[in-house]
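Heads up, the thing below is written out as structure tokens.
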């Protein structure tokens, strides 16, 4: 369930809550730790199928990889319904750490630079 910050009236959602909104009648996703309800965005240039593929997920990487225009980014903000709760926020450092191969162990590697 969303909680409300009384000073800003911002709604906060968990990733679990967002994951429940995955179909064309109720479609949410996350981009850059913000939550968007795109249920009524029927005019997406890539088609509704693209949005449905991302439903209920963190779509940050997919959104950024496409290279959306500033107009698209402004339009996206009109669909914003809230932010992720603090506990569910993933920052850039965590993303990079999550991308390291399992076999990577920084303690066993050394590099000499001269």
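In our numbering, the protein residues as written are -8 to 105. All C-beta atoms, glycine included, are put in the ideal place defined by N, C-alpha and C.
Pick from the options: whose alpha carbon is nearest that of residue i?
i	options	result
residue 63	34, 40, 77, 79	34
residue 72	10, 52, 27	27
residue 0	81, 80, 74	74
So, is residue i buried or exposed, given that buried needs 16 or more other C-beta atoms within 10 angstroms?
i	result
residue 50	buried
residue 22	buried
Note down, in chain order, each residue of its chain lying with its Cβ closer than 8 Å to the Cβ of residue i, except the 5 sequence neighbours on either side.
i	result
residue 46	12, 13, 14, 18, 19, 20
residue 16	30
Would you report the Cα separation of residue i and residue j, rounded to the nearest angstrom?
i	j	result
residue 6	residue 30	18 Å
residue 56	residue 41	13 Å
residue 48	residue 54	12 Å
residue 60	residue 24	19 Å
residue 82	residue 37	28 Å
residue 4	residue 68	16 Å
residue 76	residue 2	9 Å
Which two residues bound the contiguous beta strand (DSSP E) that contains residue i?
i	result
residue 2	2 to 4
residue 113	Nothing can be reported for residue 113, as the shown portion of the chain is limited to -8 through 105.
residue 41	No beta strand (DSSP E) contains residue 41, which is instead part of the alpha helix (DSSP H) from 39 to 45.
Which same chain residues, not among the five before or five after residue i, have their C-beta less than 7 Å away from its C-beta?
i	result
residue 140	Residue 140 falls outside the range modelled here, since the chain spans only -8 to 105, and no answer is possible.
residue 70	27, 28, 29, 32
residue 110	Absent from the structure is residue 110, since the part of the chain shown begins at -8 and ends at 105.
residue 80	24
Can you tell me where the alpha helix (DSSP H) holding residue i begins and where it ends?
i	result
residue 54	51 to 57
residue 62	61 to 68
Which residues in the same chain have their Cβ closer than 6 Å to the Cβ of residue i, if we skip the five residues on either side of it in sequence?
i	result
residue 90	No answer about residue 90 holds up, because its pLDDT of 48 lies below 50 and its placement is not dependable.
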